[in-house]
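The sequence shown begins at 39 in the numbering used here and counts up one residue at a time. All C-beta atoms in this analysis are idealised placements derived from N, C-alpha and C, irrespective of residue type, glycine included.
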Amino acid sequence: MESMMKECMKPHPLLHTLSGVGLGLLIVAFFGISKDTAMILGVILLVAGVLGEFLTKKK
39 MESMMKECMK PHPLLHTLSG VGLGLLIVAF FGISKDTAMI LGVILLVAGV LGEFLTKKK
């Protein structure tokens, strides 16, 4: 179990999670409550996840 947690906390899986949360917030913005806040947070998290992915791959 501990090895699974260590694997999940590496940068690559964390960036996938960050992108997933951003995408989820974008979907909520289109269908749900507090559109403006969800849209802004979704875009920021999605961009951060994609940029982080490219920055970690360059190393």
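Can you check whether the CB of residue j is closer than 8 Å to the CB of residue i?
i   : j   : result
L56 : L79 : no
L93 : G60 : no
Within a Cβ cutoff of 8 Å, which residues of the same chain sit near residue i, ignoring the five residues on either side of it in sequence?
i   : result
G70 : A76
I82 : G60
Quick one: residues in its chain with C-beta nearer than 7 Å to the C-beta of residue i, no 5 flanking neighbours on either side, listed in chain order?
i   : result
F68 : none
Please work out which residues of its chain come closer than 6 Å, Cβ to Cβ, to residue i, disregarding the five sequence neighbours upstream and downstream, and give them in chain order.
i   : result
L53 : G87, G90, E91
D74 : none
What number of angstroms, rounded off, separates the C-alpha of residue i from the C-alpha of residue j?
i   : j   : result
P51 : I65 : 21 Å
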